[in-house]
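First the structure, in the form of structure tokens, and then the observations on it.
Number of protein chains: 2
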Amino acid sequence: MISKKTKYGLKALGYLANQESDLPVQISSIAQSENISQKFLESILLSLKKAGILGSKKGKGGGYYLRKEAKEVKMTEIYRLLEGPIALVPCVSLNFYEKCRDCNSEETCYVNHLMKEIRDTTLDTLKHKTLEDFVLKR
Amino acid sequence: MISKKTKYGLKALGYLANQESDLPVQISSIAQSENISQKFLESILLSLKKAGILGSKKGKGGGYYLRKEAKEVKMTEIYRLLEGPIALVPCVSLNFYEKCRDCNSEETCYVNHLMKEIRDTTLDTLKHKTLEDFVLKR
DNA sequence: CATTACCCTACTAAATCCATAGACTAATAT
DNA sequence: ATATTAGTCTATGGATTTAGTAGGGTAATG
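Chains as they are written, first to last, in numbering that gives the first Met the number 0: chain A, 0 to 137; chain B, 0 to 137.
Given below as structure tokens:
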């Protein structure tokens, strides 16, 4: 299960990607359209900005906007940024690896093997996705 | 990320599946071999028993044992029992479905579509797995 | 000067992980 | 038979972490 943070972040990014113009969109618009707590969304967008995915502009006419084209924004990047590891267990994570304290050998660990398989399949579907897949065809 | 409960449960089931004989195995043996807090493991095994996967025998020579053959124990069943939904979001869960409060249409929800894809792929790998896949070849 | 992002803090609520302690039950030894 | 012991059952509680909410103030921009 992913956190609300991730879900909201994805929805917000989708909303921005579906924008006609490149003008900044203010937080309140996104929050309202996507039914997200504005304050919570604030912190999410901020972290996306710090990661370089979003840009922002203060003052009148300000708001958030995508810094790259939608097809340049990789889904794996977003997911790892918002949610963290894609793997279901730290010991099979590529970007957030951690050794299990409770098992001495990963080679003989059944759980390890199974989780590796799952990681690979979800990674496979995520790898080929970008924000552009969130843009609705019209 | 799965919980420790799920991880420990899987490891314990694997341990039982790898047993030579059908004799009950006591909690302490499993806990020791797999480096799991014995008391925590107790509650996990109990829930597996209540679900009909494990049987138990009290008193001297007692312990826990598999009630079915390893290949009869489906991985999807175990996962749902220990961890809950396989889906990453309630609105795409088959067994634990819940409507999102924040979106009105699932058809036009980007997140929904993406998460459905991920669900299908992990379900695909889990579907063909049983406890037998945890038995080490020798 | 109005608008909007930015930043900080503190709180609540829930879940996770695990410890502790005792009750109960069945097999074994005497 | 009876006592003993190995083991499961049950319940509770607590420490820690995480998710999410809320408020209020600051800084930049038009």
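Where a beta carbon is used, it is the ideal one built from N, C-alpha and C, also for glycine. It should be emphasised that the depicted structure is a prediction, and the values quoted were computed from it without experimental measurement.
Would you call residue 33 of chain A buried or exposed, if buried means 16 or more other Cβ atoms sit within 10 Å of its Cβ? buried
Contact with chain A by residue 113 of chain B, beta-carbon distance below 9 Å: yes
Can you tell me where the alpha helix (DSSP H) holding residue 38 of chain B begins and where it ends? 37-49
Status (buried if at least 16 other CB within 10 Å, exposed otherwise) for residue 56 of chain A: Classification for residue 56 of chain A: exposed.
Since residue 63 of chain B meets chain A, which of its residues come closer than 9 Å, beta carbon to beta carbon? Going along chain A, no residue has its Cβ under 9 Å from residue 63 of chain B, so there is no contact; the nearest lies around 17 Å.
Which residues bound the alpha helix (DSSP H) around residue 10 of chain B? 3-16
Residue span of the alpha helix (DSSP H) that contains residue 32 of chain A, given as start and end: Unbroken alpha helix (DSSP H) run through residue 32 of chain A: 26-33.
What do you get for residue 152 of chain B, buried or exposed, if any count of 16 or more other CB atoms within 10 angstroms of its CB means buried? In the structure as shown, chain B starts at 0 and stops at 137, and residue 152 of chain B therefore has no counterpart that could be examined.
Who pairs with residue 55 of chain B in a beta bridge, going by DSSP? B:63
Check whether chain B comes within 9 Å of residue 34 of chain A, counting only Cβ atoms and requiring the distance to be less than that. yes
Per-residue DSSP class, three states only, for residue 129 of chain A: strand
Pick from B:4, B:10, B:45 and B:91: whose alpha carbon is nearest that of residue 107 of chain A? B:10
Start-to-end residues for the alpha helix (DSSP H) that takes in residue 78 of chain A: For residue 78 of chain A, the enclosing alpha helix (DSSP H) has its first and last residue at 74-81.
By the 10 Å Cβ neighbour count, where 16 or more other Cβ atoms means buried, how is residue 100 of chain B classified, buried or exposed? exposed
Chain A residues whose Cβ lies nearer than 8 Å to that of residue 117 of chain B: Correct list: 121, 124 and 125.
Determine the contact status of residue 117 of chain A and residue 88 of chain B, defining contact as a CB-CB distance below 9 Å. Their beta carbons are not under 9 Å apart, which means residue 117 of chain A does not touch residue 88 of chain B by this criterion.
Which class does residue 96 of chain B belong to by DSSP, given the choice of helix, strand or coil? coil
Are the stretch 69-79 of chain B and the stretch 21-41 of chain B touching, with three or more C-beta to C-beta distances below 8 Å? no
Taking the alpha-carbon positions, what's the residue 22 of chain B to residue 123 of chain B distance? 33 Å
With DSSP run on the structure shown, which of helix, strand or coil describes residue 108 of chain B? Residue state for residue 108 of chain B is assigned as coil, using DSSP reduced to three classes.
Classify residue 62 of chain B: buried if its beta carbon has 16 or more other beta carbons within 10 angstroms, exposed otherwise. buried
With a CB to CB cut of under 8 Å and the five nearest residues on each side skipped, what residues in its chain are close to residue 26 of chain B? Hits under 8 Å: 37, 40, 41, 44, 62 and 63.
Is the beta carbon of residue 132 of chain B sitting closer than 9 Å to the one on residue 109 of chain A? It is a contact, given that the beta carbons lie within the stated cut-off.
Residues near residue 5 of chain B by beta carbon distance below 6 Å, same chain, minus five either side: 81 and 82
Residues that residue 56 of chain B contacts on chain A, provided the C-beta gap is smaller than 9 Å: Those do not exist, as residue 56 of chain B stays about 25 Å from chain A at its closest Cβ, beyond 9 Å.
Can you tell me whether residue 14 of chain A is buried or exposed, with buried defined as 16 or more other CB within 10 angstroms of its CB? buried
Apply the 10 Å Cβ neighbour rule to residue 65 of chain B and answer buried if 16 or more other Cβ atoms are within range, or exposed otherwise. buried
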